[in-house]
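Written out below as structure tokens is the structure these notes cover.
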């Protein structure tokens, strides 16, 4: 069966698994020589159990033979299926990247966009939470059964109605996906899915197909449709893809990135440092249309509107928090672990000026890991006082701060905390601290005004301005904004 007539072959990644031929069925690690061949890729949950990994210590032996018994069931199933598709090469992350080489990991992680875009077919171990659970599953007989239901309307016209149990589809909702389709809880999987030309999902109850032109499933319960929103589209590639991105006005394009960030920050990463690498390939693909400098998850040509994010309660009702190790400046959404929402998805009237932006990178990739960063702005700032409330289970980020600006005189607005315990070094709910509210812009329509809430931490004598750290976001509704004094500020 020919899946697609176009783009059959692509340059092989640096390393792939050679699955052999009819005369030699050994699986070995192959260092490519620039060939253009057809290959498949696997997207899966690593799980909690030990995986076979390519290391400096075993790479030579793996280039000769990877023992079949050392491979978990998911890998074995992926290899068998790929062979049945008459595809010789397969890319699996844990085996095709040297896992104890920082340099190799950075280099290969930076190529994720080309690896998944180039794959002829991506296999998704959708229902498996562990690598030893496999791709294939046995579907209970009752899920295949059709039930006949008799009814009459009107009473003298009896009719038959046929029904079957609803299967777990990809668009069934996040809560059900987390329970039944664990692969969709993983942060790396978002870009792997969106960048792949064709994905075959091995679900708990059926196979599900997704490509650039449509979707399909075994039960025929999914119709290819783009509803215009990321949450109700049954075809993510129609909604998030270069063809659609190219058709958008600049402000709409900025909003599309915000939606990707919202989706991504609700997913899980095993390693905090992966926050940028796990979306790096998608950022590169997006920038083919965006055409903008990239700064720690924000874009240079929409920087001010990109700053207007707020924290949200994550799906397991845990507060967003700072990662254990630095991974992003405080003005970046990546400075938090937890769900992020954007308050302005589309248009904004700027009320400040960007003077300078800089990020230091851990490697050569502009979309990769960040070691430091700052932004320098010129605009209006209002000084206020803030009291921090002690946390209880009913508090949300929107009610964590008592801001004097909202109470004296009383103004209509919302005060969003970035994360819990920003004043954890200070005990007692009566403690007051000075905060600096820097005006970013006005939302269109509605005239709501947005301010970054900042804490002063230092002074930069070299550029003659104070240095701040972001701790929250303030929105004041129309008619309640306040006059401020113009400052140059640096946020780290």
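In my numbering, the protein residues as written are 45 to 536. Each residue gets a CB set at the ideal place from its N, CA and C atoms; glycine is no exception. Since this is a predicted model, take the numbers as computed values, not measurements.
Does residue 275 pass the burial test, meaning 16 or more other C-beta atoms within 10 Å, or should it be called exposed?
Interpretation of residue 275 is limited by its pLDDT of 43, a score under 50 that renders its predicted location unreliable; the figure taken from the coordinates is listed afterwards. Exposed, since its Cβ has fewer than 16 Cβ neighbours within 10 Å.
Go through the segment 318-370 residue by residue and report every complete run of the alpha helix (DSSP H) that reaches 4 residues or more, in order.
The alpha helix (DSSP H) runs of length 4 or more contained entirely in the segment 318-370 are, from start to end of the chain, 321-334 and 347-350.
Exposure of residue 453, with buried meaning 16 or more beta-carbon neighbours within 10 Å:
Residue 453 should be labelled exposed.
Which of helix, strand or coil DSSP assigns to residue 156
Judged by DSSP in its simplified three-state form, residue 156 adopts helix.
For residue 534, which residues from the same chain have a beta carbon less than 6 angstroms from its beta carbon, with the 5 sequence-adjacent residues on both sides left out?
Apart from sequence neighbours up to five positions away, the residues of its chain that approach residue 534 with a beta-carbon distance below 6 angstroms are 418, 420, 504, 509 and 511, ordered along the chain.
Kindly indicate the opening and closing residues of the beta strand (DSSP E) around residue 535.
Looking at the DSSP string, the run of the beta strand (DSSP E) that includes residue 535 is 529-535.
Return yes when the Cβ of residue 424 is within less than 8 angstroms of the Cβ of residue 386, no when it is not.
No.
Could you please give the first and the last residue of the uninterrupted beta strand (DSSP E) stretch that includes residue 510?
Its beta strand (DSSP E) spans residues 509-520.
In terms of alpha-carbon separation, which member of 366, 483, 495 and 246 lies closest to residue 125?
Nearest to residue 125 by C-alpha distance, out of 366, 483, 495 and 246, is 246.
Helix, strand or coil: which one does DSSP assign to residue 236?
Helix at residue 236.
Looking at the secondary structure, which residues open and close the alpha helix (DSSP H) in which residue 302 lies?
Per DSSP, the unbroken alpha helix (DSSP H) holding residue 302 starts and ends at 294-309.
Would you call the segment 297-309 and the segment 129-143 touching, i.e. three or more CB-CB distances under 8 angstroms?
No: fewer than three Cβ pairs fall under 8 angstroms.
Quick test of your reading: residue 338 and residue 411, contact by CB under 8 angstroms. State the CB separation rounded to the nearest angstrom.
Rounded to whole angstroms, the Cβ separation of residue 338 and residue 411 is 6 angstroms, and the two are in contact under 8 angstroms.
Contact belief for residue 462 with residue 516 at Cβ below 8 angstroms, rounded distance in angstroms:
Yes, they are in contact, since the Cβ atoms of residue 462 and residue 516 sit about 5 angstroms apart, within 8 angstroms.
Compute the Euclidean distance between the alpha carbons of residue 234 and residue 228, then round it to the nearest angstrom.
Looking at the two C-alpha atoms, the distance is approximately 8 angstroms.
Answer yes or no: do residue 378 and residue 344 have a C-beta to C-beta separation smaller than 8 angstroms?
Here residue 378 is not near residue 344, since their CB atoms are 8 angstroms or more apart.
Residue range of the alpha helix (DSSP H) that residue 125 falls in?
That run of the alpha helix (DSSP H) goes 117-128.
Have a look at residue 111 and residue 122 and give me their C-alpha separation to the nearest angstrom.
If you draw a straight line from the Cα of residue 111 to the Cα of residue 122, it comes to about 15 angstroms.
Leaving out five residues on either side along the sequence, give the residues of the same chain with a beta carbon under 6 angstroms from the beta carbon of residue 493.
Cβ neighbours of residue 493 beyond the five flanking positions: 486, 520 and 525.
In this structure, does DSSP put residue 208 in helix, strand or coil?
In the structure shown, the three-state DSSP call for residue 208 is coil.
Pairwise C-alpha distance: residue 56 and residue 390:
Approximately 39 angstroms, taken between the alpha carbons.
Count Cβ pairs between the segment 366-382 and the segment 476-484 that sit closer than 8 angstroms; are there 3 or more?
No: fewer than three Cβ pairs fall under 8 angstroms.
Sort 106, 100, 104 and 137 by Cα distance to residue 118 and report the nearest one.
Ranking the options by Cα distance to residue 118, first place goes to 137.
Could you give the residue range of the beta strand (DSSP E) that holds residue 500?
Segment 493-504, the beta strand (DSSP E) holding residue 500.
Among the candidates 295, 532, 356 and 325, whose CA atom is the shortest distance from the CA of residue 349?
A check of alpha carbon separations from residue 349 across 295, 532, 356 and 325 identifies 295 as the nearest.
Consider the C-beta atom of residue 127 and the heavy atoms of the ligand NAP; say whether any pair is separated by less than 7 angstroms.
You won't find the ligand NAP in this model; it holds no ligand whatsoever.
Span of the beta strand (DSSP E), counted from its first residue to its last, around residue 135:
That run of the beta strand (DSSP E) goes 133-135.
Going by C-alpha distance, which of 336, 204 and 451 is nearest residue 430?
Of the candidates 336, 204 and 451, the one whose C-alpha sits nearest the C-alpha of residue 430 is 451.
Quick one: is residue 141 buried, meaning 16 or more other Cβ sit within 10 Å of its Cβ, or exposed?
Buried is the label assigned to residue 141, since at least 16 other Cβ atoms lie within 10 Å of its Cβ.
Tell whether a beta-carbon distance below 8 angstroms holds between residue 152 and residue 89.
No; because the gap between Cβ atoms is not below 8 angstroms, this pair is not in contact.
First through last residue of the beta strand (DSSP E) which encompasses residue 250:
Neither: residue 250 is in no beta strand (DSSP E) and is coded neither H nor E.
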